Amino acid sequence: MKKIIATLAVIFSLTTSATFAYDGKDVNQSVLKSFKKEFAGAENATWQEVGSGILRVTFNYQHKNVSAFFDADGDVIATSTFVSEEHLPLPVLKAVNEKYSDFKKTEIVEYTMDNETKYLITIVNGNENMVLKVGGNGSIEVYKR
Numbered sequence: 130m131k132k133i134i135a136t137l138a139v140i141f142s143l144t145t146s147a148t149f150a151y152d153g154k155d156v157n158q159s160v161l162k163s164f165k166k167e168f169a170g171a172e173n174a175t176w177q178e179v180g181s182g183i184l185r186v187t188f189n190y191q192h193k194n195v196s197a198f199f200d201a202d203g204d205v206i207a208t209s210t211f212v213s214e215e216h217l218p219l220p221v222l223k224a225v226n227e228k229y230s231d232f233k234k235t236e237i238v239e240y241t242m243d244n245e246t247k248y249l250i251t252i253v254n255g256n257e258n259m260v261l262k263v264g265g266n267g268s269i270e271v272y273k274r
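Take 130 as the starting number for the sequence shown in the working numbering and just add one per residue.
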């Protein structure tokens, strides 16, 4: 149950900006130690609480803007970064283009959770917009309308 709640908190926070900023002083030592180990050399870290003991840190790492999600024990739950359409795997690009050919992609977030990479792709067509959750194999689920 805890893992389901954490997963929902992470996915929800990828599609909304309603979070609360930390100054970094309230982040526990286990989380900070894990962050420094996992992302040595990261710069400009900003911490946010995204719900139920889950923290998101946004930072620059290897020339990318990255977000990582940690539980209170310092375990990495997920990572995410914005990517361009050109960096989508072919099965993902093909599946979305075939099923939603009339839609324009406006935002693409690549996230990795439980050793699986998926994509949240925001698409629009006139007044219609939605967020698709797309697996690396091209499987599509409408996440949000």
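Idealized CB from N, CA, C, for every residue including glycine.
This one's a predicted model, so the numbers in the text were calculated from it and none came from an experiment.
Beta-carbon to beta-carbon, Ser163 and Val205 are separated by about 7 Å, close enough to satisfy the 8 Å threshold. With fewer than 16 other Cβ atoms from the protein chains shown falling within 10 Å of its own Cβ, Val271 counts as exposed. Between Gly267 and Thr246, the gap from beta carbon to beta carbon reaches 7 Å or more. Rounded to whole angstroms, the gap between the alpha carbons of Ile237 and Ala224 is 14 Å.
For the pair Val160 and Asp231, the Cα-to-Cα distance works out to about 43 Å. Contact annotation, Ile183 with Lys228: C-beta distance approximately 32 Å; criterion of less than 8 Å not satisfied.
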